[in-house]
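Under the working numbering, the final residue of the sequence shown carries the number 503; numbering is consecutive throughout.
Every residue gets a Cβ at the ideal spot worked out from N, C-alpha and C, and that includes glycine.
A quick note: this is a predicted structure, and the numbers were derived from the prediction, not measured.
Report on one structure; see the data block that follows.
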Amino acid sequence: MQNITTTLKKLFYLWRRSQVPIKQPTRISKIDNLIIFLISILISIFSSYKILLISPLNISDIFSWLLTFTEAFISSWILILVSKKENPTISSRQIILLVTLLLAVQASKLALASTISPLSMIIPPALIISQGMGSITALTWVSIASLSWPDPAVAINENLFFILLVCASVVSLLGGRIRSRAQLLQLSIFVPIGSFVTQWILIGKDKISLIDNQEFAFANGDIFSNSLLLAIVMLFTILFMPIFESIFGLLTKARLLELADKEKPLIRRLSLEAPGTFEHTLLICGLAEEATRMIGGDIDLIKTGALYHDVGKLHAPNWFIENQDGSKNPHDELDDPIKSAEVLQAHVDEGLKFARKNRLPKPIANFIPEHQGTLKMGYFFQKAKEKNLDINEYYFRYKGPIPQSKETAILMLADGCEAALRAMNINASDKEALETITNIIFSRQKDGQLDDSNLSKGEIFLIKKAFLNVWKRIRHRRIQYPTSKNNTFS
Ligand SMILES: [Fe+2]
Ligand SMILES: [Fe+2]
Numbered sequence: 014m015q016n017i018t019t020t021l022k023k024l025f026y027l028w029r030r031s032q033v034p035i036k037q038p039t040r041i042s043k044i045d046n047l048i049i050f051l052i053s054i055l056i057s058i059f060s061s062y063k064i065l066l067i068s069p070l071n072i073s074d075i076f077s078w079l080l081t082f083t084e085a086f087i088s089s090w091i092l093i094l095v096s097k098k099e100n101p102t103i104s105s106r107q108i109i110l111l112v113t114l115l116l117a118v119q120a121s122k123l124a125l126a127s128t129i130s131p132l133s134m135i136i137p138p139a140l141i142i143s144q145g146m147g148s149i150t151a152l153t154w155v156s157i158a159s160l161s162w163p164d165p166a167v168a169i170n171e172n173l174f175f176i177l178l179v180c181a182s183v184v185s186l187l188g189g190r191i192r193s194r195a196q197l198l199q200l201s202i203f204v205p206i207g208s209f210v211t212q213w214i215l216i217g218k219d220k221i222s223l224i225d226n227q228e229f230a231f232a233n234g235d236i237f238s239n240s241l242l243l244a245i246v247m248l249f250t251i252l253f254m255p256i257f258e259s260i261f262g263l264l265t266k267a268r269l270l271e272l273a274d275k276e277k278p279l280i281r282r283l284s285l286e287a288p289g290t291f292e293h294t295l296l297i298c299g300l301a302e303e304a305t306r307m308i309g310g311d312i313d314l315i316k317t318g319a320l321y322h323d324v325g326k327l328h329a330p331n332w333f334i335e336n337q338d339g340s341k342n343p344h345d346e347l348d349d350p351i352k353s354a355e356v357l358q359a360h361v362d363e364g365l366k367f368a369r370k371n372r373l374p375k376p377i378a379n380f381i382p383e384h385q386g387t388l389k390m391g392y393f394f395q396k397a398k399e400k401n402l403d404i405n406e407y408y409f410r411y412k413g414p415i416p417q418s419k420e421t422a423i424l425m426l427a428d429g430c431e432a433a434l435r436a437m438n439i440n441a442s443d444k445e446a447l448e449t450i451t452n453i454i455f456s457r458q459k460d461g462q463l464d465d466s467n468l469s470k471g472e473i474f475l476i477k478k479a480f481l482n483v484w485k486r487i488r489h490r491r492i493q494y495p496t497s498k499n500n501t502f503s
């Protein structure tokens, strides 16, 4: 009996761990839910109403209309579920974009199916979705958009359907990984060329040698113009991508890398006005990047998030120890632990204001409050106790929330370990460094800060190893090389 209970407990634990995220799925307002519902109904109407136009209408037609209508409606909701599963923090605006693109493609099939190739209708939206919401969502969207044809009279060539699926899948898979606008441009050139060649091989009626380009173009005029149109629509999609990013809050890899540019005005300000914080940020980037690589997380996201995590310190740089440079500590002059705690909390609140002003995407802004979680400001709490102030611990804790993703949790751990590792003696052994890292991570864990992050024990072990590796690198950098007259410049 005990064995069964243990097995059940284990199964329940494994089931819970497999559910990502455990908490905090995006809340969608009633209005947004209504909009999404109405768009889904429109998609279903667009996809099925032509069946009702057959005359005379009999029961089997009505039944087949009902079936198509339900099928389109369920497909829309499956698409939304997949997108939520792939992006737990997906916003309602992004879901609206997803279903609107499906609606647009169904409408364009009704209006343009006989004149425009389905490739030009389905591939460009797949590019937007894969870039902004991930490959799995894009693949699901492509399957629904390719399979559901509102006009039963339009028969697609089997080979064309196959080419469409292959090209759209390639775009969906690569689109999710592409890291620069230049690679996107390459994709928008190579996919139309690929589709042109495969269409010519599989569909082309008059197969004339490719060497005689002009004759070939005339003979396969349709295929050529369709591929050209696909290239043009893809290029326009890339051109308008920044607008999509800004309106729908899409976080593409290209946008992440642009935000990680250290010449961005906010980061430049940080390096000039709070050089200590900037140095601390760079070190944390190194720690967090290494740890994220170890556990297979999103490296671009954490690198950018780490860069902006403490921008709030710009509101009062000299109130933070790393920027004091031996000068007076304003906290000593203030001599009020509660006010000092408020200054610390302000670096989170002001950081969020900076994020709003600079239109930072939400996943990046989330690093600002979550890297502090609800941690206790131990130093000032201790000071308050020394002064015999009858004060609740609550006033000496950050407002949170605690890290909601693996990436923000890693940043919190890196933030905690950075100062300790930097302060460590150059001659400290690996064992001592690992002990320091373990103690810091354990204290965060014990405090419940990692409860919502979904980090497993194995991943925490890997994070410790990654931090140790970075510490070894730092130590190596600090070792002074002996110089002599002969090797000064080598
Ligand atoms: Fe901070
Ligand atoms: Fe920090």
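Keeping to the same chain, check which residues put their C-beta closer than 8 Å to that of residue i; ignore five residues upstream and five downstream.
i, result
"ILE54", "PHE86"
"LEU481", "ASP443, ALA446, LEU447 and ILE450"
"SER159", "PRO131, ILE135, PHE174, LEU177, LEU178 and ALA181"
"ILE75", "LEU65"
"VAL210", "none"
Of the residues the options, which one's Cα is nearest the Cα of residue i?
i, options, result
"GLN417", "ALA378, LEU140 and LEU252", "ALA378"
"ARG194", "GLY262, ILE423, MET254 and PHE455", "MET254"
"ILE10", "GLU303, VAL356, SER88 and ASP164", "Because the chain is modelled from 14 through 503, residue 10 falls outside the range shown and cannot be assessed."
"SER133", "LEU365, SER208, ILE109 and GLY391", "SER208"
"GLN212", "ASN170, LEU252, LYS275 and LEU125", "ASN170"
"ALA436", "ILE93, LEU111, LEU296 and LEU140", "LEU296"
"GLY325", "GLU363, ASP345, HIS384 and TRP332", "GLU363"
"ILE415", "LEU388, TRP78, THR128 and ALA126", "LEU388"
"THR471", "LYS341, GLY309 and TRP78", "Note on residue identity: the sequence assigns Gly, not Thr, to residue 471. Ranking LYS341, GLY309 and TRP78 by Cα distance to GLY471 puts GLY309 first."
"ASN521", "ILE351, ASN331 and ASP349", "Given a span of 14 to 503 for the chain in the structure shown, any question on residue 521 remains unanswerable."
"LYS352", "SER161, MET390 and THR18", "MET390"
Between residue i and residue j, what straight-line distance do the alpha-carbon atoms span, to the nearest angstrom?
i, j, result
"GLY145", "VAL361", "27 Å"
"ARG486", "ILE334", "24 Å"
"LEU241", "ILE176", "16 Å"
"LYS43", "LEU283", "40 Å"
"ILE454", "LYS477", "8 Å"
"ASP460", "VAL183", "45 Å"
"ALA433", "THR20", "41 Å"
"LYS23", "THR305", "27 Å"
"ASN336", "ARG369", "25 Å"
"ILE56", "ILE48", "12 Å"
"ASN401", "TYR392", "14 Å"
"ASN405", "GLY386", "18 Å"
"SER143", "ASN100", "12 Å"
"SER503", "GLU303", "Legend: pLDDT at SER503 = 45, less than 50; position of this residue unreliable, value from coordinates given subsequently. Roughly 29 Å between the two C-alpha positions."
"LEU197", "PRO205", "13 Å"
"THR150", "GLY188", "11 Å"
"ASP465", "ALA329", "31 Å"
Would you say residue i and residue j are within 8 Å of each other, going by their C-beta atoms?
i, j, result
"MET247", "ALA479", "no"
"HIS293", "LEU424", "no"
"CYS298", "LEU320", "yes"
"SER185", "LEU152", "yes"
"PHE257", "LEU263", "yes"
"GLY429", "ARG410", "no"
"GLN358", "LYS412", "yes"
"ILE216", "ILE191", "no"
"SER89", "ILE108", "no"
"ARG372", "ILE439", "no"
"LEU116", "PRO138", "no"
"THR290", "ILE141", "no"
"ALA422", "LEU463", "yes"
"ALA287", "LEU347", "no"
"ALA427", "ALA301", "yes"
"TYR407", "ALA354", "no"
"THR317", "ALA273", "yes"
"THR81", "SER61", "yes"
Note down, in chain order, each residue of its chain lying with its Cβ closer than 7 Å to the Cβ of residue i, except the 5 sequence neighbours on either side.
i, result
"LEU123", "PHE59, PRO163 and ASP164"
Identify, in the order they occur along the chain, each residue of the same chain with its Cβ nearer than 6 Å to the Cβ of residue i, setting aside the five sequence neighbours on each side.
i, result
"LEU365", "ILE381"
"SER104", "GLY262"
"PRO374", "GLY262 and LEU264"
"HIS384", "HIS322, LEU424, MET425 and ASP428"
Is residue i near ligand 3 - that is, is its Cβ less than 7 Å away from at least one heavy atom of it?
i, result
"GLN337", "This structure lacks ligand 3; its bound ligands are ligand 1 and ligand 2."
For chain B, check one thing: does any of its Cβ atoms lie closer than 8 Å to the Cβ of residue i?
i, result
"LYS275", "Included in the structure is just one protein chain, with no chain B present."
Next item on the list: Please list, following the chain, all residues that have a C-beta closer than 5 Å to any non-hydrogen atom of ligand 2.
Entry: ASP323 and ASP428
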